[in-house]
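Chemist: Line by line, the protein sequences give chains A and B. Numbering that gives the first Met the number 0 puts the last residue of the first sequence at 308; the count rises by one with no breaks. Numbering that gives the first Met the number 0 puts the last residue of the second sequence at 308; the count rises by one with no breaks. Glycine residues also receive a C-beta, built at the ideal position from the N, C-alpha and C atoms.
There are 2 protein chains.
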Amino acid sequence: MNRINQLLGTRHPVVQGGMVWCSGWRLASAVSQAGGLGLLGAGSMHPETLREHIRRCRQATQAPFGVNIPLMYPQIEEIMQLVADEGVRIVFTSAGSPAKWTGWLKERGITVVHVVSSSRFARKAEEAGVDAVVAEGFEAGGHNGREETTTLCLVPAVCSAVSIPVIAAGGIATGRAIRAMQILGAEGVQIGTRFALTEESSASEAFKLRCLDLNEGDTMLMLKKLAPARLVKNAFSDQVRTAEAAGASEEELRQLLGRGRAKLGIFEGELEEGELEIGQAASQLRGKGIQTVAQVMRELIDDYNASAQ
Amino acid sequence: MNRINQLLGTRHPVVQGGMVWCSGWRLASAVSQAGGLGLLGAGSMHPETLREHIRRCRQATQAPFGVNIPLMYPQIEEIMQLVADEGVRIVFTSAGSPAKWTGWLKERGITVVHVVSSSRFARKAEEAGVDAVVAEGFEAGGHNGREETTTLCLVPAVCSAVSIPVIAAGGIATGRAIRAMQILGAEGVQIGTRFALTEESSASEAFKLRCLDLNEGDTMLMLKKLAPARLVKNAFSDQVRTAEAAGASEEELRQLLGRGRAKLGIFEGELEEGELEIGQAASQLRGKGIQTVAQVMRELIDDYNASAQ
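(1) Pick out whichever of M219(A), M296(A), C210(A) and A242(A) has its Cα sitting closest to the Cα of Q283(A).
(2) Would you call the CB atoms of V292(A) and E199(A) closer than 8 Å?
(3) Determine whether the Cβ of I182(A) lies closer than 8 Å to any Cβ atom of chain B.
(4) For a quick check, are the C-beta atoms of L183(A) and T150(B) less than 8 Å apart?
(5) Starting from G187(A), trace the beta strand (DSSP E) in both directions and tell me its first and last residue.
(6) What residues from chain D crowd round C152(A), counting only those whose CB sits closer than 8 Å?
(7) Considering just the uninterrupted stretch of the beta strand (DSSP E) at N214(B), what are its terminal residues?
(8) Excluding five sequence neighbours on each side, which residues of the same chain lie with their C-beta closer than 7 Å to the C-beta of Q28(A)?
(9) Got a sec, what are the start and stop residues for the alpha helix (DSSP H) E76(B) sits in?
(10) Residues of chain A with CB under 7 Å from G246(B), in chain order?
(11) Closer than 7 Å by beta-carbon distance: list the chain A residues that pair up with R178(B), in chain order.
(12) Using 8 Å as the threshold, is the C-beta distance between A168(B) and A179(A) below it?
(13) Put L7(A) into one of helix, strand or coil per three-state DSSP.
(14) Say whether the segment 39-46 of chain A touches the segment 10-23 of chain A, bearing in mind that this needs 3 or more beta-carbon pairs closer than 8 Å, one atom from each stretch.
(15) Checking contacts by CB at 8 Å: is S118(B) closer than that to chain A?
(16) According to the neighbour-count rule (16 or more other Cβ atoms, all chains shown, within 10 Å of its Cβ), is M71(A) buried or exposed?
(17) In the structure shown, what three-state DSSP assignment does E125(A) receive?
(18) Helix, strand or coil: how does DSSP classify I277(A) here?
(19) Give a yes or no on whether the minimum CB-CB distance between P155(B) and chain A is below 8 Å.
(20) Between M219(A), P164(A), E271(A) and E147(A), which lies nearest to N233(A) when the distance is taken from Cα to Cα?
(21) V165(B) to D130(B), Cα distance in whole Å?
(22) Going by DSSP, what residues sit across from V66(A) in a beta bridge?
(23) Can you tell which of A124(B), S31(B), G140(B) and M79(B) has the C-alpha that lies nearest to the C-alpha of S162(B)?
(24) Would you give the residue range spanned by the alpha helix (DSSP H) that H52(B) belongs to?
(25) Is A242(B) closer than 8 Å to E276(B) when the C-beta atoms are compared?
(26) Answer yes or no: do F206(B) and G264(B) have a C-beta to C-beta separation smaller than 8 Å?
(27) Find the nearest neighbour of T101(B) within the set I68(B), S117(B) and Q238(B), judged by alpha-carbon distance.
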């Protein structure tokens, strides 16, 4: 897994997913400090909040870190300029076309990695000039692709489609899953769920404890008429499920969703009415409790080494 | 991967999935002859047809083979008695509770393997006394679990839940995927899609060629209000999709489905009005054309060996 370490300046090719309401400077700096790549999740931050997190992250670690920017971010021009002004060296883009911003970022010497859910999008990202892609499968938490291709099927497809390095994402919470991804051709991994549930994550404790108590099947990809998202089943998701089964329109679902539900669920810990974004891999963490990032990284590496054949 | 070879008497811990309209004696005997375990798919056979396939399979190979029996098979008592009378040594059961028939089969000295889609079902199967389980993920073709757990997340969960050997299924079409599953704890694999598209499969040539030309995202899990099934997108699936989006009831979907669509699609090659059951892994086979079972086994083994680290 050399090209990812070279590209990102990491000791371990382990990227922490940039996640709304979880990945502020505390989480990102802890992951970078532990040898992976921490990402600030701009998706849930106002521009000035992001600026503060970038500065605090830099104070907390000398190791490289990055910013994840969903390309449908409302003030996209402002946030891109801010990231460049603040001297951020690595940007992960997601949820949109990489054609518009990749060149602009690369001209400023910024490393660009784009998140894709298909080999077709991976090819487009490579054409747009990104340095690497994240191939994120159906089992990942939060927003997700429409084609529902799983990590096991997606990673080999993307690796065949592009020559830039591929970072596997979705369903990866253990060292042996990292090794499995390496065998499929990935040169790095992006881990969201496991880091979202650490001590350093800015998610509420209630959210973390709920997610650390999930069984298989307790998350589901829903809201497919809007943007598909993997959520924990709760009172809100029951309402969505009932509405969807009855043929609710896009507009009806949008009204049902309302605004601020991810914040309500993840950040404020309202477990029934909030949107609880987490991946299928959460059920593998039952009984672990809230760990520190350093503990998680140690376990990932130990398990990876133990899984050598 | 020793326990599976010991249990099944195979040289390679590779089981061919028992699939409707694909896996008659030609396919099963070819897989067994090549060192894997061939399975006759009873799901699409009348009892007397199955009897004939068992006898022809035995004439075609001295290697062990088995029969896959969906537990919702209408004449289940008759088919179980027939399998025992014909001296079948290995039965894979699926789509139902293993509690009723496992003891009956074991009393007759038959090895029993049950297909599960969750670690909860795996535990129940182990309690029922089965010798091994198949852990089949969301990406698999045809009928599928309701929880939508992917192979990458399911296999480690099932391996943690039971002490009997685990056979991984869903999304596995290459030797490197076999190795990845081994790293996750599986001791064998079950491969459906790739064998369904071989020369020896009894599916129509039109079905095989269509499936060998799929892109990612060309299959989808649908009919979730009935029994979820992964199907190729075509005119029939468009009708289902439209009906489901409009909130069609279980009864309406049952009428839309009608009877015999899997036979129409897979066996008769009616590509637009039939049900085309195939897994996500099909898109990894683009350009390969229709191969023989011997070629497939050779490629699986070579790729597995090449993926050693």
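Modeler: Working from what's here:
(1) Measuring from the Cα of Q283(A), the nearest candidate turns out to be C210(A).
(2) Result yes, Cβ atoms of V292(A) and E199(A) sit closer than 8 Å.
(3) Yes, because at least one Cβ of chain B sits closer than 8 Å to the Cβ of I182(A).
(4) Not in contact: L183(A) and T150(B) (Cβ atoms no closer than 8 Å).
(5) In the DSSP annotation of this structure, the continuous segment of the beta strand (DSSP E) that includes G187(A) starts and ends at G187 to I190.
(6) The structure shown contains no chain D; its protein chains are A and B.
(7) Where N214(B) is concerned, there is no enclosing beta strand (DSSP E), given that its DSSP letter is neither H nor E.
(8) Note on identity: in this sequence residue 28(A) is Ser, with Gln being the wrong assignment. Once the five neighbours on either side are set aside, the close Cβ partners of S28(A) are G37, C56, A59, T60 and F64.
(9) According to the DSSP assignment, E76(B) belongs to the alpha helix (DSSP H) that extends over I75 to D84.
(10) Here the neighbours are A244, A245 and G246.
(11) Correct list: I182.
(12) Taking 8 Å as the cut-off, the Cβ atoms of A168(B) and A179(A) do not count as close.
(13) If DSSP states are grouped into helix, strand and coil, L7(A) belongs with the helices.
(14) By the C-beta criterion, the segment 39-46 of chain A is judged to be in contact with the segment 10-23 of chain A, since at least 3 inter-stretch pairs fall below 8 Å.
(15) Taking 8 Å as the CB threshold, S118(B) lines the interface with chain A.
(16) Classification of M71(A): exposed, given that the 10 Å Cβ count is below 16.
(17) Looking at E125(A) - three-state DSSP - the assignment turns out to be helix.
(18) When DSSP states are grouped into helix, strand and coil, I277(A) belongs to the coil group.
(19) True, the Cβ-Cβ gap to chain A drops below 8 Å.
(20) Closest by alpha carbon: E271(A).
(21) Those two C-alpha atoms are separated by around 10 Å.
(22) In DSSP, V66(A) forms a bridge with L39(A) and V90(A).
(23) If we check each option's Cα against that of S162(B), A124(B) comes out closest.
(24) Membership of H52(B) in the alpha helix (DSSP H) is indicated by the continuous run P46 to A59.
(25) Cβ distance not < 8 Å, so E276(B) and A242(B) don't count as in contact.
(26) Yes, the pair counts as a contact, with Cβ atoms nearer than the cut-off.
(27) Comparing Cα positions, the closest option is I68(B).
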